DNA sequence: TAATTCTTTGACAACGATGAATCTCGGTGC
DNA sequence: GCACCGAGATTCATCGTTGTCAAAGAATTA
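Residue numbers (the UniProt record's numbering), protein chains in the order written: chain A, 1 to 345; chain B, 1 to 345.
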């Protein structure tokens with residue numbers, strides 16, 4: 001590897017002048033600039049970002065803290081964020097917590113101080129911990145839940161999305177619409193589960209339909225395919241009549257698809273099913289799954305915009321900004337029937 | 001952030017002594033060591049890895065170059081690699097190429113020189129380029145294809161895996177077994193598509209069955225669900241009789257599931273289907289999908305072991321090591337029927 | 001013409017750590 | 001009693017950049 005010094009020697013100028021050219025600073029004559037650029041090209045010089053970071057203190061690496069990567073929603077979120085970060089000249093360092101609240105804090109404490117910024121999908125963070133995190137490094141949360149802390153946050157339209165989904169079901173003539181994915185355990189007030197359940201109630205109210213307790217299916221502790229299938233099986237076994245399932249996550253919905261078909265019911269003729277997240281699989285399941293696309297690209301864009309602001313001057317920004325991404329209803333076979341919709345998102 | 005200097009001042013020793021304690025070097029008296037450790041704890045000091053990297057030249061960041069992240073195989077591979085890297089004290093920096101051959105080289109040229117090592121899933125790399133990459137940074141390829149270059153490589157048992165899959169079909173009584181995912185375009189000699197097709201032929205030969213050209217379905221340019229479904233539809237439209245589909249990737253198999261069911265055929269009673277990769281979805285599709293698990297955890301383990309070796313002393317290692325991971329056949333409903341297998345991997 | 005400004009460039013220190021070389025000092029051997 | 005040794009600690013230079021300050025020369029002004 002050649003260094004700035006090599007370039008300087010080759011171009012016959014001082015090291016500092018090379019630095020100026022590399023950083024596009026003004027007050028370098030056109031002639032000198034060309035000489036230096038030629039030398040840079042000849043030596044295939046690339047600035048050593050480690051040395052630069054050390055000197056400037058500004059670090060162009062941002063951490064991305066996620067529970068896991070193997071779940072489609074997270075991997076596509078990560079992908080969107082990486083693409084967006086590139087546009088900002090930032091490098092993304094992914095860290096996995098396995099959804100473990102302690103690991104979250106441990107990671108932040110360990111790596112936070114040496115990161116330029118942090119994008120975090122918090123799972124078990126308390127308000128106090130959120131404040132601590134924000135004190136260590138410029139942070140943006142990607143979270144359903146609000147924190148009592150001076151942190152920016154990007155959220156998806158949980159409530160509105162499910163509300164629209166219910167509206168869609170109603171418009172197609174379904175009236176006994178089950179909600180799959182409620183959670184009445186000790187979840188925090190404004191968790192995704194609660195917000196989505198609120199959206200479900202909103203949708204029913206919009207349509208003048210009653211909210212029947214027997215159609216609200218609890219799923220605990222996680223929104224997985226197995227538990228989704230299990231929830232629907234319970235519903236069927238109890239003999240509760242229903243003609244639609246609004247699942248609070250695609251994983252649940254895929255489980256529901258399975259359980260419904262297993263019971264010999266046709267989708268969507270006898271039962272319509274819809275999910276939330278619009279993961280890749282939604283477009284390719286059998287039948288393909290109607291789902292709410294939570295605007296992942298927009299989430300990535302906004303999160304990086306917020307973070308970049310804050311990295312550039314931490315103090316000046318208003319303390320606690322919130323961006324809610326737009327959602328889009330992706331209608332597919334599981335509510336509409338036909339096969340035309342299959343194979344695409 | 002406190003620095004070593006702060007710690008030194010606090011402990012009343014020299015900066016270098018702190019360095020010794022932090023790095024666990026000998027020739028520090030027990031008494032001094034305790035004083036220093038106390039100071040470290042009091043100040044919550046953490047060594048600045050940027051400065052350390054600059055000074056030592058040894059970088060504990062390894063790049064992981066992948067085509068994408070949103071595809072389940074890659075995200076679970078990435079996850080496995082990150083966990084494994086942690087055990088080696090290494091940090092993983094993921095870079096995405098979108099499967100673009102030029103982007104691969106551009107990324108390596110750009111970041112390679114400042115990385116400690118590189119794990120790469122190459123897509124469009126030529127032998128010459130592979131040599132170039134290896135010259136820039138210690139590299140391990142995770143690749144089906146062999147390269148004429150002094151690089152270590154970790155591969156999966158492409159050929160053996162498909163062979164076992166065909167054997168499984170045969171043992172269940174299927175005889176007209178289609179191969180889904182051949183590619184007779186200008187792919188390199190030892191690509192995954194070719195190796196898996198070889199495995200298919202092996203399996204038929206093992207069973208004394210003929211390899212019928214009309215049962216070999218080309219899929220090009222990529223192994224996606226749509227193209228998988230399209231391939232099976234072609235087969236059905238041509239009126240070719242078949243009773244099993246061995247797909248060279250889960251994505252293809254999921255498309256096949258769809259196309260087969262769409263045609264009103266029952267799985268596995270009339271047609272059995274199996275895939276390759278054992279992605280999460282395989283366990284949860286309808287019906288659940290028999291698949292070859294390529295030993296991702298082992299791949300991650302071996303890749304990091306090889307890379308670590310090479311990072312520690314580049315020259316000493318034998319030039320071109322190859323590790324082939326063990327595979328495992330995950331039998332599920334799509335070949336075996338029943339529902340017992342559903343829901344788990 | 002001399003004084004002043006502006007433009008372009010360079011010398012030097014510093015970021016926070018580590019490697020090499022050096023120093024100190026109590027303990028040995030003769 | 002003197003040279004020698006080695007463990008334990010220190011000093012100094014250095015990794016590859018960038019920020020600060022100053023210098024040299026060209027251009028402008030009085």
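Every residue, glycine too, gets a C-beta built ideally from N, C-alpha and C.
Just so we're clear, the structure is a prediction, and the values are computed from it rather than from any experiment.
Inclusion of residue 277 of chain A and residue 250 of chain A in the CB contact set at 7 Å is warranted, their separation being smaller than that value.
Inter-residue distance for residue 71 of chain A and residue 325 of chain A is about 21 Å (C-alpha atoms, whole angstroms). The straight-line gap separating the alpha-carbon atoms of residue 87 of chain B and residue 283 of chain B is approximately 29 Å. Ranking A:133, A:200, A:145 by CA distance to the CA of residue 166 of chain A puts A:200 first. The residues 92, in chain order, have a CB closer than 6 Å to that of residue 82 of chain B in the same chain once the five nearest residues on each side in sequence are set aside.
DSSP, read as helix, strand or coil, puts residue 153 of chain A in strand.
The C-beta of residue 237 of chain B has fewer than 16 other C-beta atoms within 10 Å across all chains shown, which makes the residue exposed.
For residue 63 of chain A, the enclosing beta strand (DSSP E) stretches over residues 61-66.
Interface residue (Cβ-Cβ distance to chain B less than 7 Å): residue 147 of chain A is not classified as such. Residue pairing by DSSP places residue 290 of chain A opposite A:274 in a beta bridge.
For the stretch 222-239 of chain B, the set of positions with a beta-carbon nearer than 8 Å to some beta-carbon of chain A reads 225, 226, 229 in chain order. Within chain B, the residues placing a beta-carbon under 7 Å from that of residue 280 of chain A are 70, ordered along the chain. Runs of beta strand (DSSP E) with 3 or more residues, each lying fully within the stretch 159-204 of chain A, are found at 177-182, listed in chain order. For the stretch 91-106 of chain A, the residues whose beta carbon sits under 7 Å from a beta carbon of chain B are, in order, 91, 93, 94, 96. Per DSSP, residue 9 of chain B lies in no beta strand (DSSP E) segment; the continuous alpha helix (DSSP H) that holds it begins and ends at 4-11. Here the stretch 149-163 of chain A does not lie against the stretch 224-234 of chain A, with fewer than 3 beta-carbon pairs under 8 Å apart. Around residue 67 of chain A, no beta-carbon contact reaches into chain B at under 8 Å, the shortest distance being about 11 Å. For residue 97 of chain B, the secondary structure class from DSSP, reduced to helix, strand or coil, is coil.
For residue 138 of chain B and residue 129 of chain B, the gap between their C-alpha atoms comes out near 14 Å. Pairing residue 307 of chain B with residue 136 of chain A, the inter-Cα distance amounts to about 33 Å. Chain A has a Cβ within less than 7 Å of the Cβ of residue 79 of chain B.
Proximity of residue 204 of chain A to chain B, defined by a Cβ-Cβ separation below 7 Å, is not satisfied. By the C-beta criterion, the stretch 114-134 of chain B is judged not to be in contact with the stretch 54-66 of chain A, since fewer than 3 inter-stretch pairs fall below 8 Å. One finds 254, 257, 258, 261, 262, 285, 286 in chain A with Cβ atoms closer than 9 Å to the Cβ of residue 286 of chain B, taken in chain order.
By the criterion of a C-beta distance shorter than 7 Å, residue 293 of chain A is surrounded in its chain by 278, 327, 328, 330, once the five residues flanking it on both sides are discounted. Inclusion of residue 141 of chain B and residue 153 of chain B in the CB contact set at 7 Å is warranted, their separation being smaller than that value. Burial state of residue 281 of chain A is buried, judged by a 10 Å Cβ sphere holding 16 or more other Cβ atoms. A contact is defined here as three or more CB-CB pairs under 8 Å, and the stretch 174-186 of chain B meets this definition with respect to the stretch 245-265 of chain B. Contact check between the stretch 189-198 of chain A and the stretch 257-272 of chain A: fewer than three CB pairs, one atom from each, fall below 8 Å, which does not count as touching. Residues are counted here when their Cβ sits less than 8 Å from a Cβ of chain A; for the stretch 44-59 of chain B these are 46, 48, 49, 50, 51, 53, 54, 59, given in chain order. For the pair residue 252 of chain B and residue 228 of chain B, the CB atoms are nearer than the 7 Å cut-off.
Short of 6 Å from the beta carbon of residue 224 of chain A, and not among the five residues preceding or following it, lie these beta carbons of its own chain, in chain order: 251.
Taking a C-beta cut-off of 7 Å against chain B, none of the residues of the stretch 133-147 of chain A qualify. Residue-level contact check: residue 76 of chain A touches chain B, since one or more beta carbons of chain B fall below 7 Å from its beta carbon. In the structure shown, the three-state DSSP call for residue 247 of chain B is strand. Beta-bridge pairing by DSSP links residue 330 of chain B to B:291.
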